[in-house]
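Protein chains: 2
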Amino acid sequence: MDWQTFLSKAGYRLSEPRKRIMKLMEMADKPLNPLAIHRLLREQGVHLGLVSVYRTLELFFSLGLISQVFQPDGLVGYLPVSFGHHHFIVCQNCHKAVEFLGSEDMQELIQRIHSETHYQVRDHLLQFYGLCPECQALLENGDIN
Amino acid sequence: MDWQTFLSKAGYRLSEPRKRIMKLMEMADKPLNPLAIHRLLREQGVHLGLVSVYRTLELFFSLGLISQVFQPDGLVGYLPVSFGHHHFIVCQNCHKAVEFLGSEDMQELIQRIHSETHYQVRDHLLQFYGLCPECQALLENGDIN
DNA sequence: TTGTTATTGATAATATTTTTCAATAAGCCA
DNA sequence: TGGCTTATTGAAAAATATTATCAATAACAA
Chain A
1219 MDWQTFLSKA
1229 GYRLSEPRKR
1239 IMKLMEMADK
1249 PLNPLAIHRL
1259 LREQGVHLGL
1269 VSVYRTLELF
1279 FSLGLISQVF
1289 QPDGLVGYLP
1299 VSFGHHHFIV
1309 CQNCHKAVEF
1319 LGSEDMQELI
1329 QRIHSETHYQ
1339 VRDHLLQFYG
1349 LCPECQALLE
1359 NGDIN
Chain B
1219 MDWQTFLSKA
1229 GYRLSEPRKR
1239 IMKLMEMADK
1249 PLNPLAIHRL
1259 LREQGVHLGL
1269 VSVYRTLELF
1279 FSLGLISQVF
1289 QPDGLVGYLP
1299 VSFGHHHFIV
1309 CQNCHKAVEF
1319 LGSEDMQELI
1329 QRIHSETHYQ
1339 VRDHLLQFYG
1349 LCPECQALLE
1359 NGDIN
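Written out as structure tokens, the structure reads:
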């Protein structure tokens, strides 16, 4: 089920702003925050209220259509979620992000955490940082770092 | 080497505000953000400028003395780091957090990410959410959720 | 098409973070 | 110990980010 169907079934309307915002996030392969989305849309001539961007992201997030991605510097961005997977690796240079298939062999670690801390484990956040293929090439050429 | 020695050796002064802030974070067993730190110190009669809190956290973070902890709702808090470990589990009810020993058996997953995405993996963020022992008891008594 | 109502956008209010700069105090050295 | 140098602080202001309000608009069901 695509996000548009999902949104409708959940009782929400498929408005133009919502379509624009999701489309932008799908095109951008890096996490975007509300201000960035507003600025980018404006640059391509789409004039949305910033408030709508906030509201839309909040809605999408609460429905699980997008994920929060935490940058190493503490900034938070959003990325559309291919259903079921919620793990990303983010390029430290160009910030391009891709999802990878969540490992389900986390059980052993969860066991260990439980015996170490006595916490009941219910959820987790796992993200990786590194260099995408393009930026690896740049690094080898001495163009970065 | 304790953080005070570390700070000195790095060429920074061991000021009263810095001591207060670190001590507070060490006492609190949950992630604190700048505003919370400012408010808590003020409540216990310590009158610090909010600006100093921001500056101190930035410094501590850049030196690796504290870690950022991401709450499921997107808020960021800070926790002192026991050297070498940077993985936390946060209680979803009372927000109390404890560190657990970082698993070094991440290698296999890193391998898989590399072959799936062709990203060079350099760092990662791994956090768990759950219920601490106290809140598990509350849950069983029907006092929460 | 038309009517109902969720959704938007504009404006204002609030909250958070950063900048600036004079006053203060940490730590070195005599 | 006491003075000197300079990193650090605090206050105020500026900049930035987020949330609230409400009339105007547009999505969608009938």
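Sequence lines, in order, name chains A and B. Its first residue numbered 1219, the first sequence is counted upward by one per residue in our numbering. Its first residue numbered 1219, the second sequence is counted upward by one per residue in our numbering. For glycine and all other residues, C-beta sits at the position ideal for the given N, C-alpha and C. Everything numeric in this text was worked out from a predicted model, so none of it was measured.
Check your understanding: At a Cβ cut of 9 Å, what residues of the segment 1339-1352 of chain B count as close to chain A, listed as they run along the chain?
Key -> Correct list: Val-1339, Arg-1340, Asp-1341, His-1342, Leu-1343, Leu-1344, Gln-1345, Phe-1346, Tyr-1347, Gly-1348, Leu-1349, Cys-1350 and Pro-1351.
Point to revise | Pick from Phe-1288/B, Glu-1244/B and Ile-1328/B that is closest to Phe-1318/A, judged by C-alpha positions | key: Cα-wise, what sits closest to Phe-1318/A is Ile-1328/B.
Check your understanding: By DSSP, does Val-1264/B sit in helix, in strand, or in coil?
Key -> Looking at Val-1264/B - three-state DSSP - the assignment turns out to be coil, as it is neither helix nor strand.
Check your understanding: Run through DSSP, which three-state label would Cys-1353/B get?
Key -> Here Cys-1353/B carries a helix assignment [DSSP, helix/strand/coil].
Point to revise | Members of the segment 1288-1319 of chain A that neighbour chain B once the beta carbon cut-off is set at 8 Å | key: Flagged, chain order: Phe-1288, Pro-1290, Gly-1292, Val-1294, Ile-1307, Cys-1309, Gln-1310, Val-1316, Phe-1318 and Leu-1319.
Review point. When DSSP labels each residue in this structure, what does Gln-1325/B get in the three-state scheme?
Key: In the three-state reduction of the DSSP assignment, Gln-1325/B falls in the helix class, which pools H, G and I.
Check your understanding: With distances taken between CB atoms, is the gap from Gln-1286/B to His-1313/B smaller than 9 Å?
Key -> Against a cut-off of 9 Å, the Cβ pair of His-1313/B and Gln-1286/B comes out as no contact.
Exercise for review: Leaving aside the five residues before and after Glu-1334/B along the sequence, list all residues of the same chain whose C-beta is less than 6 Å from its C-beta, in chain order.
Suggested key: Excluding sequence neighbours, Glu-1334/B sits near nothing in its chain.
Exercise for review: Would you mind giving the Cβ-Cβ distance between Met-1243/A and Leu-1250/A, rounded to the nearest angstrom? I have them listed as a contact below 8 Å.
Suggested key: That pair is a contact at about 6 Å.
Exercise for review: Give the single residue among Ala-1315/B, His-1336/B, His-1332/B and Arg-1238/B whose Cα lies nearest to the Cα of Tyr-1347/B.
Suggested key: Measuring from the Cα of Tyr-1347/B, the nearest candidate turns out to be Ala-1315/B.
Practice item. Please say whether Gln-1345/A and Ile-1307/A have beta carbons closer to each other than 9 Å? Key: Yes, these two residues count as a Cβ contact at 9 Å.
Point to revise | Per-residue DSSP class, three states only, for Val-1269/A | key: Val-1269/A falls in the helix class under three-state DSSP.
Check your understanding: Sorry if obvious, but does the Cβ on Glu-1326/B come closer than 8 Å to a heavy atom of the ligand SAM?
Key -> Only the bare structure without any ligand can be found here, which leaves the ligand SAM out of the picture.
Point to revise | Residue-level contact to chain B via CB, Arg-1330/A, 9 Å cutoff | key: Judged by the 9 Å Cβ criterion, Arg-1330/A is in contact with chain B.
Review point. In terms of DSSP beta bridges, what is Pro-1298/B paired with?
Key: Answer is Ile-1284/B, bridged to Pro-1298/B.
Check your understanding: Just checking my contact of Phe-1224/A with Leu-1275/A at CB under 8 Å: how many whole Å lie between their CB atoms?
Key -> Phe-1224/A to Leu-1275/A, Cβ: 16 Å. No contact.
Practice item. For Thr-1335/B, go through chain A and note every residue whose CB falls closer than 7 Å to its CB, in chain order. Key: Those within 7 Å of Thr-1335/B in chain A are Ile-1307, Val-1316 and Phe-1318.
Review point. Quick one: what's Gln-1338/A bridged to in DSSP?
Key: DSSP lists Leu-1349/B as partners of Gln-1338/A.
Exercise for review: Report all residues from its chain with a CB closer than 7 Å to the CB of Leu-1259/A; omit the five preceding and five following residues, and keep chain order.
Suggested key: The answer, listed in chain order, is Arg-1238, Leu-1242 and Leu-1266.
Exercise for review: Kindly list, in the order they appear in chain A, the residues whose Cβ is closer than 9 Å to that of Gln-1222/B.
Suggested key: The premise fails here: Gln-1222/B is roughly 25 Å from chain A at the closest Cβ pair, so nothing lies under 9 Å.
**Study point:** Test: Leu-1327/B CB closer than 9 Å to a CB of chain A
**Key:** Yes, Leu-1327/B counts as interfacial toward chain A.
Exercise for review: State yes or no: is the beta carbon of Asp-1361/B nearer than 9 Å to at least one beta carbon in chain A?
Suggested key: The beta carbon of Asp-1361/B sits no closer than 9 Å to any beta carbon of chain A.
**Study point:** The beta strand (DSSP E) enclosing Ile-1307/B, as first and last residue numbers
**Key:** From DSSP, the beta strand (DSSP E) with Ile-1307/B extends over 1305-1309.
Review point. What residues of chain B sit near Gln-1354/A, judged by a beta carbon separation below 7 Å?
Key: Correct list: Gln-1338.
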